[in-house]
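*Asks:* Mind looking over this structure? Questions follow.
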Amino acid sequence: MINARRSLAQIFLLPAIIALVVVFGLVAALLGDGIWDMSSWLALAFPLALVGFFLCKRAR
Amino acid sequence: MTPRTVRVWKHVHKWTSLVCTLFLFILCLTGLPLIFHEEIDRALGATAAPDRAAADAPMISLDRVLEIGHAQRPNEAITFAVPDDDDPVWHLFIAPAINSPKVAAVVTIDGRTGRVLRVGDSTRSPVIKFITDLHTDLLLDEKGMLFLGAIGLCFVIAIVSGVVVYGPFMRRLDFGTVRERTRRLYWLDLHNLSGIVLAAWMLVVGVTGAINTLAQQIARHWQRTELVEMIAPWRNAPAPANPASAQRAMETALASAPGMKVSSIAMPGSLFAGGHHYGVFLHGDTPLTSKLIMPIMINAADGSFSESRELPWYAKALFISKPLHFGDYGGMPLKVIWALLDLVTLIVLGSGLYLWAVRLYAAPSRRSGTVTHALRPQAPEHP
């Protein structure tokens, strides 16, 4: 868990990807209905799923 | 980053967060039911159901609708006629006088049968109206709105500074690490995880919320500049004694912009139309263009087209901000996700406040040199 120092790029890689997914989700539902709405739901559920995943992972 | 800059950012995060946390609690808690305001209003019976009529029953003339509405409130003025988003229904906004910005009542009339379906203070139920007012201006009108705008900016700085201090904090930790050694570590890690994961969403909702607080300023600026310029040639013309048909004005406006629908119609003499015109506001029918309004000025003397001008960028920014703040543009699943994101934001706020309180409480013992604090293994923590 606690090991070598990470570079800023390593630390912010995942947060940056999450931010891009979220922005995509926010814009997608604006652009259209149907498939656009659905991809928006998936994209915006992603951060929620991550919080849930890491909380459950800790419980094990 | 040097340890000194990290310390400065941590202070920025702490103080901006402290300033806005109480208000953000109010905003998150009132915002939660507002995500579902349509459903709640419907359940409370505040939404008038249209009469049962054949699906292809024709709409009666808007002029007749205005007559029916006027008969309901003969001593007041109709400032706006707004078609419902979903039903063949008109909402008529009633004010004490034609040039008043206030809404004294909303009369809802079936567009096919002409029956008055509902007369209310607003289009919303009293409960939702109260929560909306609390959320938009803390019940303090425009001052409250601008104050919440400043709180929104504070929130944005708190998020940005939080992201900055997340970097040095995570130097020796894996993404998503949630330690359970102490309660404080647990909430610290949860604060960092949920905060960084929600940063983009919170930023968007914070920025768009702050833009929404400028709604009245933006409307007034548009009236003083764009509207005044559009109707400048009629500046000194007397208001027509017998205004042309509102129905015809609406049809002329629609004919000038194929593919668009009516968003609202400002009556001659009202603040959004000027004395000599109908202000017909149209919007497109795709999810994006439906948020963008196109004003079309129709001469109230003869019902002819006068002028139309795309909205300026700041008004467009306002109209795009609304859905991005409300989360009401992607069906029920998006609303549910919006509500869950709001709840996780409450966790970020609550854990942040807890961590600050614990620090405050623990500070004296730390000064006396407790070993456990001195030996803490990882680099800077926050807040």
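The listed protein sequences correspond, in order, to chains V and W.
To get our numbering, take the position in the first sequence, counting from 1, and add 9.
To get our numbering, take the position in the second sequence, counting from 1, and add 1.
Where is the CB? At the ideal position from N, CA and C, for every residue including glycine.
None of these values were measured; they are calculated from a predicted model.
1. Could you pull the start and end residues of the alpha helix (DSSP H) that V31(V) belongs to?
2. Check whether chain V comes within 8 angstroms of H353(W), counting only Cβ atoms and requiring the distance to be less than that.
3. Is there a C-beta anywhere in chain W that falls below 8 angstroms from the one on L59(V)?
4. If you reduce the DSSP assignment to three classes, tell me which class F131(W) lands in.
5. Between I197(W) and chain V, is there a C-beta pair that is closer than 8 angstroms?
6. Using the three-state DSSP reduction, which class does G150(W) fall into: helix, strand or coil?
7. Between L325(W) and chain V, is any beta-carbon pair separated by less than 8 angstroms?
8. Looking at chain V, is there any beta carbon in it that lies within less than 8 angstroms of the beta carbon of F148(W)?
9. If the cut is a Cβ gap below 9 angstroms, which residues of chain V does I338(W) touch?
10. Buried or exposed for C29(W), going by 16 or more other Cβ atoms inside 10 Å?
11. Mind listing the chain V neighbours of F176(W)? Cutoff is C-beta to C-beta under 7 angstroms, in chain order.
12. Along the region 282-310 of chain W, where does the CB come closer than 8 angstroms to a CB of chain V? Name the residues.
13. Can you list, in chain order, the residues of its chain whose CB lies under 7 angstroms from that of D303(W), leaving out five sequence neighbours each side?
14. Using 10 angstroms around the beta-carbon of R125(W), count the other beta-carbons present and answer buried if the total reaches 16, otherwise exposed.
15. For A28(V), go through chain W and note every residue whose CB falls closer than 8 angstroms to its CB, in chain order.
16. Starting from the C-beta of H136(W), find all residues in its chain whose C-beta is less than 7 angstroms away, skip the five residues before and the five after it, and write them out in chain order.
17. Can you say whether D46(V) is buried or exposed, counting buried as having 16 or more other CB atoms within 10 angstroms of its CB?
18. One question on the structure: do V90(W) and A56(W) come within less than 8 angstroms of each other, judged by their Cβ atoms?
19. Rounded to whole angstroms, what is the Cα-Cα separation between T290(W) and A256(W)?
20. Specify, as a first and last residue, the run of the alpha helix (DSSP H) that Y187(W) falls within.
21. Leaving out five residues on either side along the sequence, give the residues of the same chain with a beta carbon under 7 angstroms from the beta carbon of V208(W).
22. For chain A, is any of its Cβ atoms less than 8 angstroms away from the one on G332(W)?
23. May I ask you to list the residues that DSSP assigns as paired with W91(W)?
24. From which residue to which residue does the alpha helix (DSSP H) around P296(W) run?
25. Looking at the C-beta of M171(W), does it have a partner C-beta in chain V at a distance below 8 angstroms?
26. Considering only DSSP beta bridges, list what R119(W) is partnered with.
27. Rank L199(W), A274(W), A106(W) and N100(W) by C-alpha distance to the C-alpha of F71(V) and give the top, closest one.
28. Verify the CB distance criterion: does V157(W) have a CB-CB separation below 8 angstroms to chain V?
29. Would the beta-carbon of G163(W) fall within 8 angstroms of that of H14(W)?
30. What does DSSP give as the partner residues of I79(W) in its beta bridges?
31. If you follow the alpha helix (DSSP H) that I219(W) is part of, which residue opens it and which one closes it?
32. State the CB to CB distance for the pair G70(W) and L93(W), rounded to an integer number of angstroms; the pair is presumed to be in contact (CB under 8 angstroms).
33. Please classify D286(W): is it buried, with 16 or more other beta-carbons within 10 angstroms of its beta-carbon, or exposed?
34. Any beta-carbon of chain W closer than 8 angstroms to the one on A38(V)?
35. Checking contacts by CB at 8 angstroms: is I44(V) closer than that to chain W?
36. Given a threshold of 16 other Cβ atoms within 10 Å of its Cβ, counted over all protein chains shown, does N193(W) qualify as buried or as exposed?
*Replies:* Walking through what the data contain:
1. L17 to L40
2. First, the amino acid is wrong: residue 353(W) is Gly here, not His. Closer than 8 angstroms: no.
3. yes
4. helix
5. yes
6. G150(W) falls in the helix class under three-state DSSP.
7. yes
8. By this cut-off, F148(W) is not an interface position.
9. Residues of chain V passing the Cβ test: G34, S49, W50, L53, A54 and L57.
10. buried
11. Result: L23.
12. From the region 282-310 of chain W, only T287, P288, L289 and K292 have a Cβ closer than 8 angstroms to chain V.
13. A245
14. buried
15. A200 and A201
16. Apart from sequence neighbours up to five positions away, the residues of its chain that approach H136(W) with a beta-carbon distance below 7 angstroms are L28, T31, G32 and L35, ordered along the chain.
17. buried
18. no
19. 18 angstroms
20. R184 to N213
21. V157
22. Absent from the structure: chain A. Protein chains present are V and W.
23. P84(W) and I110(W)
24. Following the DSSP letters along the chain, one finds P296(W) in no alpha helix (DSSP H) but inside the beta strand (DSSP E) bounded by residues I294 to N300.
25. yes
26. Looking at the DSSP assignment, R119(W) forms a beta bridge with T109(W).
27. Residue coverage of chain V in this structure runs from 10 to 69, which leaves residue 71(V) outside it and unanswerable.
28. Under the 8 angstroms criterion on CB atoms, V157(W) is classed as non-interfacial with respect to chain V.
29. yes
30. I95(W)
31. A216 to W223
32. 4 angstroms
33. exposed
34. Yes, contact with chain W.
35. no
36. buried
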